[in-house]
Amino acid sequence: MCLVKLLNGAMGEYKNILIAGVGLSPAVLTNTVWALAHEKPPVVPDEVVAITTVTGRKCIESQLLDGGGWGRLCRQLEADGLGTGGKLAFGASDSIRILGDGKSDFDDIATPEQNDAAADFILKVLRQYTEDPGTRVVASIAGGRKSMSALMISCMSLLGRSQDRVCHVLVNEPYEQRMEPPFLFPEKGVKHKRGGKTYLSAKGMPVLSDIPFVRVRGWYEKEFRSIPPSYMQLVRKVQGIAPSPANYPVVRLNARQGTMLIGKAGVDLSASEFALVYIMLNRSKKNLPPAGWLDLEIDFAQLLECKVPGGVNWFHNFKDAGTPDSEDFRKWASSARSKLRQAFAEPGLAELLLPSMKRKNKHSYPAEKIIVDELT
Numbered sequence: 001m002c003l004v005k006l007l008n009g010a011m012g013e014y015k016n017i018l019i020a021g022v023g024l025s026p027a028v029l030t031n032t033v034w035a036l037a038h039e040k041p042p043v044v045p046d047e048v049v050a051i052t053t054v055t056g057r058k059c060i061e062s063q064l065l066d067g068g069g070w071g072r073l074c075r076q077l078e079a080d081g082l083g084t085g086g087k088l089a090f091g092a093s094d095s096i097r098i099l100g101d102g103k104s105d106f107d108d109i110a111t112p113e114q115n116d117a118a119a120d121f122i123l124k125v126l127r128q129y130t131e132d133p134g135t136r137v138v139a140s141i142a143g144g145r146k147s148m149s150a151l152m153i154s155c156m157s158l159l160g161r162s163q164d165r166v167c168h169v170l171v172n173e174p175y176e177q178r179m180e181p182p183f184l185f186p187e188k189g190v191k192h193k194r195g196g197k198t199y200l201s202a203k204g205m206p207v208l209s210d211i212p213f214v215r216v217r218g219w220y221e222k223e224f225r226s227i228p229p230s231y232m233q234l235v236r237k238v239q240g241i242a243p244s245p246a247n248y249p250v251v252r253l254n255a256r257q258g259t260m261l262i263g264k265a266g267v268d269l270s271a272s273e274f275a276l277v278y279i280m281l282n283r284s285k286k287n288l289p290p291a292g293w294l295d296l297e298i299d300f301a302q303l304l305e306c307k308v309p310g311g312v313n314w315f316h317n318f319k320d321a322g323t324p325d326s327e328d329f330r331k332w333a334s335s336a337r338s339k340l341r342q343a344f345a346e347p348g349l350a351e352l353l354l355p356s357m358k359r360k361n362k363h364s365y366p367a368e369k370i371i372v373d374e375l376t
């Protein structure tokens, strides 16, 4: 076995860490290592970490460690001139991480509670390596349950840096099927049997596919003093600073007709509410959000000075009501916001379109989704 002490690479080089989810088929580990080592230029991992279950650990031990598969892989790569000296550290207790909740190790990920604990576990393992600027993490999503693969790529989106990779390994038929002995990587002089037929191991061909993924680490690193230890806490914090993922409907305000549409839904506003929304939407289009209701006094004064045809009823009804103040603005905003919530499929979008002044909003309604047909 390649139980070697890790050596630091040359100055400026990354230490390559392969972190793989493994189920009942440890071959995903050996095939991934083989495929990485045969890239151009070769990438031979310095360290290999398997995230698995209790049952998965037994399979790794029986096929790769006690069964000698890992040692054969190391010798094969060395014979191919791919230089494994000081690399491929695997086999120590820290190399095989057993999924669990801190109280017990898991035989499987079969319940929502186990899934939540697995998310925290995978995040913790990845953080150990992504916090080190000298490492490059290669995360393999080929093994284990689909939920494990989904959590692995999700955690990489949260923690991954520009140098990190997510990959999946595929093997040509029939080598991806169960054989005797199991196909671990293309071994010279080895034969496998399946369905009464014999297949040369050397004709098996692991192929690595890089999976593009969105890296959001740059969004939150400066926002948080420290990364939350919980997967769901980190997800919620990132969602809190990210723009809303909603499908924003077009908002159209026709000032001459006194109508407002959110998508195809009409909003029945009073004259005062319409005046407030008209001013706020114009500010949104210019990216000039008010700091408080007092900021709108000049806007309303300018609006009241407009020369508007007699047929624009909302305007004249509003003008006849007298000069408003900031307390009026607050009340109109509150009542108008309630009506907007009913028109939006996602009620929370009403707050982006017509925010309260109680707290500072980090996001606003997209200006390109707002159409205002002006009074004049």
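The sequence shown begins at 1 in full-length UniProt numbering and counts up by one. C-beta atoms are modelled at their ideal positions from N, C-alpha and C, and glycine is treated no differently.
Query: Quick one: what's got a C-beta closer than 6 Å to V214's C-beta in the same chain, skipping five residues either side?; Result: S157
Query: Between T30, A345, M357, P26, which has its C-alpha nearest E187's C-alpha?; Result: T30
Query: Taking only the alpha-carbon atoms, compute the straight-line gap between K5 and A92 and give it to the nearest angstrom.; Result: Per-residue confidence for K5 stands at a pLDDT of 33, beneath the threshold of 50, marking its modelled position as unreliable; the derived number appears in the next sentence. Rounded to the nearest angstrom, the two C-alpha atoms are 11 Å apart.
Query: When the Cα atoms are used, what is the spatial distance from A142 to P41?; Result: 22 Å
Query: Inspect the beta-carbon positions of L269 and K339 and report whether they are closer than 8 Å.; Result: yes
Query: In the DSSP assignment, what residue or residues form a beta bridge with E180?; Result: K193
Query: Is the Cβ-Cβ distance between L18 and V138 less than 8 Å?; Result: yes
Query: In the structure shown, what three-state DSSP assignment does A321 receive?; Result: coil
Query: DSSP state of E368, grouped into three classes?; Result: helix
Query: By DSSP, does R237 sit in helix, in strand, or in coil?; Result: The sequence given here places Lys at residue 237; Arg does not occur at that position. The answer is helix: DSSP assigns K237 an H, G or I state.
Query: So what's P112 in DSSP terms, helix, strand or just coil?; Result: helix
Query: Could you say which of K124, Y365, F344, K358 lies nearest to G292 if we only look at CA atoms?; Result: K358
Query: Expressed to the nearest angstrom, what Euclidean distance is found between the alpha-carbon atoms of P228 and S356?; Result: 29 Å
Query: Tell me which same chain residues have a C-beta within less than 6 Å of the C-beta of S226, skipping the five on either side of it?; Result: none
Query: Does DSSP classify H316 as helix, strand or coil?; Result: helix
Query: Entirely within the region 239-305 and at least 4 residues each: give me those alpha helix (DSSP H) ranges in chain order.; Result: 271-285, 297-304
Query: Based on DSSP bridge pairs, tell me the residues matched to G21.; Result: I51
Query: Let me check understanding here. Comparing Cα to Cα, which of T135, P112, Q239 lies closest to Y14?; Result: T135
Query: Using the DSSP secondary-structure output, state which residues sit across from S209 in a beta bridge.; Result: H168
Query: Give the single residue among M260, L200, Y220 whose Cα lies nearest to the Cα of N172.; Result: L200
Query: Using a Cβ-Cβ cutoff of less than 8 Å, which residues in the same chain neighbour H363 once the five nearest sequence positions on both sides are dropped?; Result: P243, S244, L352
Query: Near G174, which residues of its chain fall below 7 Å by C-beta distance, leaving aside the five closest residues on each side in sequence?; Result: Strictly speaking, residue 174 in this sequence is Pro, with Gly absent from that position. If we look at P174 and ignore the five residues flanking it on each side, its Cβ neighbours are R194, Y199.
Query: Based on Cα-Cα distance, which residue from G56, H38, D120, R97 lies nearest to T84?; Result: H38
Query: Excluding the 5 residues preceding and the 5 following M1 in the sequence, name in chain order all residues of the same chain whose CB lies nearer than 7 Å to its CB.; Result: Caution applies to M1, whose pLDDT of 39 falls short of 50 and renders its modelled position unreliable; the value that the coordinates give is listed next. The residues are L65, W70, G71, G91.
Query: What does a CB cutoff of less than 8 Å around V169 pick up in its chain, not counting 5 residues either side in sequence?; Result: V28, N31, T32, A35, S140, A142, P206, V207, L208, S209
Query: Near I279, which residues of its chain fall below 8 Å by C-beta distance, leaving aside the five closest residues on each side in sequence?; Result: L296, D299, F300, L303
Query: Report the three-state DSSP secondary structure of S159 (helix, strand or coil).; Result: Correcting the residue type first, residue 159 is Leu in the shown sequence and not Ser. Reduced to three states, the DSSP call for L159 is helix.
Query: Over what stretch of residues does the beta strand (DSSP E) that includes A139 continue unbroken?; Result: 135-140
Query: On the DSSP bridge list, what partners appear for R330?; Result: Paired residues: none, contrary to the question.
Query: Just to confirm the assignment, what range does the beta strand (DSSP E) spanning R97 have?; Result: 96-98
Query: From this set, K197, E368, Q239, K203, which residue's C-alpha is nearest V216's C-alpha?; Result: Q239
Query: Could you check the C-alpha separation between A10 and P133 for me, to the nearest Å?; Result: Low confidence applies here, because A10 scores a pLDDT of 38, under 50, leaving its location unreliable; read the following figure in that light. So the alpha carbons of these two residues sit roughly 15 Å apart.
Query: Compute the Euclidean distance between the alpha carbons of I211 and R165, then round it to the nearest angstrom.; Result: 8 Å
Query: Between A202, M260, D101, which lies nearest to S230 when the distance is taken from Cα to Cα?; Result: D101
Query: Could you spell out the range, first to last residue, of the alpha helix (DSSP H) harbouring Y220?; Result: 217-220
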